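Asks:
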Amino acid sequence: MGEFIHGSGNGLNNNPNITDINDNITIYSAIFLFNERTDAENNIIDIDNNLIETYDDNSGWGTRYFTKDTTKIKGWPDKPQDLVLPSP
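Each number in our numbering comes from the position in the sequence shown (counting from 1) with 7 added on.
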């Protein structure tokens with residue numbers, strides 16, 4: 008599905024900070040990178056006004072997808088059941 012990364016320094020400083028519950032690390036101005044475009048399309052609220060951006064950091068993951076406003080992801084911040092999970 009994807010992962011959160013730091014958005015600070017990328018013009019995305021208005022996003023909320025989150026804490027990774029697995030290792031207790033704070034991710035500042037977090038953005039969520041969807042691995043597949045369809046996952047982004049299925050999980051961004053009001054997609055006409057919250058455009059899908061592309062991200063490629065040459066890490067080997069290839070192009071991933073995000074919206075500049077993390078709060079526009081379905082289920083944010085406390086309803087993960089609203090996410091549309093990828094098909095197996």
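Yeah, the Cβ is synthetic: ideal placement off N, Cα and C, and Gly gets one too. Given the structure is predicted, the values throughout are model-derived calculations rather than measurements.
1. Enumerate in chain order the residues of its own chain whose CB-to-CB distance from N24 is below 8 Å, with the five nearest sequence positions on each side excluded.
2. May I ask you to report which of helix, strand or coil DSSP gives E43?
3. Express the C-alpha separation of I59 and E109 in angstroms, rounding to a whole number.
4. Return the CA-CA distance between T61 and K81, expressed in angstroms with no decimal places.
5. Quick one: what does DSSP say T26 is sitting in, helix, strand or coil?
6. Given this structure, state the Cα-to-Cα distance separating T26 from N20, to the nearest angstrom.
7. Between which two residues does the beta strand (DSSP E) holding I52 run?
Replies: Working from what's here:
1. T33, I34, Y35, S36 and A37
2. coil
3. It is not possible to answer for residue 109, since the shown part of the chain is limited to 8 through 95.
4. For T61 and K81, the distance between alpha carbons rounds to 19 Å.
5. Reduced to three states, the DSSP call for T26 is strand.
6. In this structure, the alpha-carbon of T26 lies about 16 Å from that of N20.
7. Per DSSP, I52 belongs to no beta strand (DSSP E) and is neither H nor E.
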